[in-house]
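Going by the UniProt record's numbering, the sequence shown opens with residue 1, and the numbers climb by one from there. Think of the CB as a built atom: it goes at the ideal place given N, C-alpha and C, for glycine as much as any other residue. Since the structure comes first, as structure tokens, the remarks are kept for the end.
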Amino acid sequence: MTTVDQQLANLVIRQYRSLDHEEVVQLYLNGMRSYSFEGEDEASKTLWEQVRQASVNSDLADIEGVYLTSGGNFWVAVVSSSDREEEVIAMVGLQLHSGDLGELRRMSVKEGYRRVGLGRKLLKHLEDWARTHGLKRVKLSTGSTSLLTSVVQLSVLMATVKQPEFCIRQYAPQDQEGVNAVFIDGCEFYRDSFPSHVQEHWTEFIQEGLDGDLSRILSAYIAPGGNFWVVTTPENSVHKVVGIVGLEDKGDGVGELRRMAVSSAFRRHGLGRRLVNELETWAKDHGFTKIFLMNGGPKEDARAFYRAIGYQDVGMKVVSVEPHVEVFQLAKQL
């Protein structure tokens, strides 16, 4: 077995993480430079370098915002060395353009790992994810006829997939069990990302939320002038709650966005964006001029989502001394 074969035995295709950024950019640059032609004049070389740098400064500078938080995805293929360090050897992105159309972008495989089927594996991974997340079509733009042919052979045009039906409406008392389940699911999703001293109090934190404002949504949110929304989808003849968000009225035209959560099984359907849009539209119609939110700890992906839809960082504060918990405040003028 060759060294490459041995490394590919440990191949993992996973979602992009911020720690991958430097390797992803270098992989893109090296891949683009491999298409350079011998005998290029200096003007052509300069032009191509400008094109490459423009890409580095555009979508590749904000992979979370352009791909992940906007409803698409971005994957890297990694292999582990003997000391367990990961090396990014291939990548591909799927940018969402509409509810059912995505664009395949930034496909690249590291030199030394080409011609071993990595491109096909990445495309299959992308296609499978796209189908399960409601996309019907994936397009690409390329100057390479051979790549275009291979992609067509891999059936990038998706078979029609019935998308889940979603309804966003105001909370009703019969939603309470579903609201609690979504809140718990959302909290558990982030449990492992927090330091151990915070995790020790995680169950206590969840229970405080359930026993606090979430146990009195009508009086905590709706009656004082705010609101609370749920996303539901039909399941076994009932409407299951799969997303939640609340707007607490703080007075003087200011509202606090709270309790945003989407069930793990229904993420990447654009529900977070739709919930915030519903909240903001309602807030404008009811005299709110500013929305702020508090986002805690290491949840950088969540903050990237809010920044991508217009929220700006305005500060940080300590909300708990023991355990020590810091939260970031973001705000948006309506």
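By Cβ distance, which residues of its chain are closer than 7 Å to residue 52, with the 5 residues on each side in sequence left out?
Closer than 7 Å at the Cβ level, and outside the excluded window around residue 52, lie 29 and 32.
Cβ atoms of residue 27 and residue 91: under 8 Å apart, would you say?
Judged by their CB atoms, residue 91 and residue 27 are nearer to each other than the 8 Å cut-off.
Between the stretch 274-292 and the stretch 117-131, do three or more beta carbon pairs fall short of 8 Å?
Taking 8 Å as the limit for Cβ pairs, the verdict is that the stretch 117-131 does not touch the stretch 274-292.
Run the CB neighbour count on residue 285, radius 10 Å, all protein chains shown included, and call it buried at 16 or more, exposed below.
Of the other Cβ atoms in all chains shown, fewer than 16 fall within 10 Å of the Cβ of residue 285; this residue is therefore exposed.
Report the rounded CA-to-CA distance for residue 65 versus residue 209, giving the unit in angstroms.
When rounded, the distance between both Cα atoms is 29 Å.
May I have a chain-ordered list of the beta strand (DSSP E) segments no shorter than 3 residues that lie completely inside the stretch 213-266?
Runs of the beta strand (DSSP E) inside the stretch 213-266: 227-235, 238-251 and 254-262.
Need the endpoints of the alpha helix (DSSP H) that residue 119 sits in, please.
118-132 is the span of the alpha helix (DSSP H), which, as asked, contains residue 119.
Closest to residue 101 by CA distance: which of 231, 22, 232 and 134 is it?
Measuring from the Cα of residue 101, the nearest candidate turns out to be 134.
Which residue wins for smallest C-alpha separation from residue 347, given the options 60, 81, 129 and 49?
The chain is shown only over 1 to 334; residue 347 falls outside these bounds and no answer can be derived.
What's the call for residue 280, buried or exposed, on a 16-neighbour Cβ count within 10 Å?
Classification for residue 280: buried.
Taking the continuous beta strand (DSSP E) assigned at residue 114, which residues delimit it?
That residue, residue 114, is in no beta strand (DSSP E); it is neither H nor E in DSSP.
Going by the DSSP bridge assignment, what does residue 14 pair with across the sheet?
In the DSSP assignment, the residues bridged to residue 14 are 76.
Are there 16 or more other CB atoms within 10 angstroms of the CB of residue 249, so buried, or fewer, so exposed?
Flag for residue 249 reads buried.
Across which residues does DSSP place residue 313 in a beta bridge pair?
Paired residues: 330.
With H, G and I counted as helix, E and B as strand and the rest as coil, what does DSSP make of residue 101?
DSSP places residue 101 in the strand class (E or B) of the three-state scheme.
The beta strand (DSSP E) spanning residue 87 covers which residue range?
Segment 86-96, the beta strand (DSSP E) holding residue 87.
Between residue 261 and residue 24, what straight-line distance do the alpha-carbon atoms span, to the nearest angstrom?
Between the alpha carbons of residue 261 and residue 24 lies a gap of roughly 30 Å.
Among 124, 265 and 233, the one whose alpha carbon lies nearest that of residue 14
The option with the nearest alpha carbon to residue 14 is 124.
Is residue 137 helix, strand or coil when you go by DSSP?
In the structure shown, residue 137 sits in a strand (DSSP, three-state: E or B).
Residues of its chain near residue 227, where Cβ-Cβ distance is below 7 Å and the 5 sequence neighbours each way are ignored
Correct list, in chain order: 170, 221, 247 and 282.
For residue 111, tell me which candidate among 89, 256 and 207 has the shortest Cα-Cα distance.
Per the Cα distances, 89.
Would you mind stating whether residue 214 and residue 241 have Cβ atoms separated by less than 8 Å?
No, the pair does not count as a contact, with Cβ atoms beyond the cut-off.
Under a three-way DSSP split, which group does residue 55 fall into?
Note: residue 55 maps to helix in three-state DSSP.
So what's residue 292 in DSSP terms, helix, strand or just coil?
Strand, per DSSP.
In its own chain, which residues sit with a C-beta less than 6 Å from the C-beta of residue 230, not counting the 5 before and 5 after it?
Here the set comprises 171, 175, 241 and 244.
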